[in-house]
Every structure is written in structure tokens, then in C-alpha cells.
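Working notes for the structure below.
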Amino acid sequence: MEQRDRRWAGALAAAAAVVAVVHPTGARAAEVPPVSVVDVDVADAPQVTLTAAVRLPPELEGTILPDDAFTVIENGTPRPLQVDRVPERRVEVVILLDTSTALSGEVVDAARSAAVEFILQLPPTARIAVRGTGGHARTGVAFGTGAATAVAA
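Numbering (my numbering), first residue to last: 31 to 183.
Now the structure itself:
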């Protein structure tokens, strides 16, 4: 196996391990929020730097958890971690869907499913607009509507 392949295999194994265990600890540990791997840096292999994002459950949104509320465990051993909070800011997103007849039903359905999945990952304060285009743009949902309205569009 080439060195590059070994590094990627190690990085993927590390990512899988971290995804399984990076979560808030304590009273709410049973409610493990989803973890997204944002980046895997193998430039300094065998040291691997993994960047992961954790979105707290809605009932904890706005809560500032202490750094020790999170843990990373690799092969049963606690590992050092750095907690960086994402600054709260207003997010504005425009979802643009191709509504032309050039695309097959499967492709359109897959695009809609991906858009819905993306919208549901946005913070509750996000302003979302949905637009369709198929030669000329049409407004599906204007800015300022909630996720439920955008998903329905």
C-alpha cells in the first residue's frame, strides 16, 4: 500500500472514530447530536488533524457549553481537542433549482432531496429563498421564510 493510501486509510479510520465519539457529555450524553466531518488534514502524517462540527439539539441552541463538555476518544484513549465556537450570525441562503425540462425526473427528485436535506441543516435563524430557473427565473419562496415553507416549495 502506498504511503498516501495509508495516510488516507488512517485519516478515514480516525474520522470514523471521532464521528462516533465527539459529542457533549453529561446529562444529555444519551442525546448525541449529529457530527459532521469538515476537514481531514494528513499533511503532517502520522499526525492527523480532523475538523468536525457538532450542532447542538434545538433545546440547547444558544447555550454555551464549556470546552470540557466535549470529548474525543481514539481506541479507548482520550485525545486532546480544541473547541472553537462558530460565531452566531445571520445566514442567508438562496436555493436555485433547475426546473427546465432538460433534466430527468430522477435528477430533479435528487436535487430537491439534496436541497431539503441542506435546508434542514441550517440554523433556525437562517433566511432562505427558493428560486426556480428553466430559461427564466421564478420565485418559489421569497427571503425571510422559515425552513418549513422553503421545504414545501
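Built from N, CA and C at the ideal position, the CB exists for glycine as well. Just so we're clear, the structure is a prediction, and the values are computed from it rather than from any experiment.
Which word fits Leu-191, buried or exposed, when buried means at least 16 other C-beta atoms lie within 10 angstroms of its C-beta? The question about residue 191 has no answer, for the chain in this structure spans 31 to 183.
Assuming Leu-150 is part of the alpha helix (DSSP H), what are its boundary residues? Position 120 of the sequence shown holds residue 150. Run containing Leu-150: 135-151, per the alpha helix (DSSP H) assignment.
Which residue wins for smallest C-alpha separation from Arg-120, given the options Val-84, Leu-111, Thr-155 and Ala-75? Locating residue 120 in the sequence shown gives position 90, counting from the first residue. Here the closest residue by C-alpha is Thr-155.
Output yes or no for whether 8 Å exceeds the beta carbon distance between Val-68 and Ala-82. Indexing the sequence shown from 1 puts residue 68 at position 38. Indexing the sequence shown from 1 puts residue 82 at position 52. Cβ atoms of Val-68 and Ala-82: closer than 8 Å.
Cβ separation of Val-113 and Asp-97, assumed to be a contact under 8 Å, to the nearest whole Å: Stepping through the sequence shown from its first residue, residue 113 is reached at position 83. Stepping through the sequence shown from its first residue, residue 97 is reached at position 67. That pair is a contact at about 4 Å.
Classification of Ala-140 by the beta-carbon crowding that lies within 10 angstroms, buried from 16 upward: One-based indexing of the sequence shown puts residue 140 at position 110. Exposure of Ala-140 is indicated by the presence of fewer than 16 other C-beta atoms within 10 angstroms of its C-beta.
Per DSSP, Arg-120 is paired with what? For this step, residue 120 is matched to residue 90 along the sequence shown. According to DSSP, Arg-120 bridges with nothing at all.
Looking only at its chain, what residues have a beta carbon closer than 6 Å to the beta carbon of Ser-66, apart from the 5 residues adjacent to it on each side? Taking the first residue of the sequence shown as 1, we reach residue 66 at position 36. For Ser-66, where only same-chain residues beyond five positions count, the Cβ hits under 6 Å are Ala-83.
With DSSP as the reference, label Pro-88 as helix, strand or coil. For the purposes of this step, residue 88 is taken as residue 58 along the sequence shown, with counting starting at 1. It is helical.
Please list the terminal residues of the continuous beta strand (DSSP E) segment that includes Thr-129. Counting from one through the sequence shown, the residue named residue 129 turns up at place 99. For Thr-129, there is no enclosing beta strand (DSSP E), since its DSSP letter is neither H nor E.
Straight-line CA distance for Phe-100 to Val-138? Locating residue 100 in the sequence shown gives position 70, where the first residue counts as 1. Locating residue 138 in the sequence shown gives position 108, where the first residue counts as 1. Taking the straight line joining both Cα atoms gives about 39 Å.
Limits of the unbroken beta strand (DSSP E) element including Val-70: If you number the sequence shown from 1, residue 70 lands on position 40. Taken as a continuous stretch (DSSP letters only), the beta strand (DSSP E) holding Val-70 covers 65-71.
Would you identify the three-state DSSP class for Pro-110, choosing helix, strand or coil? Walking along the sequence shown from the start, residue 110 turns up at place 80. DSSP places Pro-110 in coil when its eight states are reduced to three.
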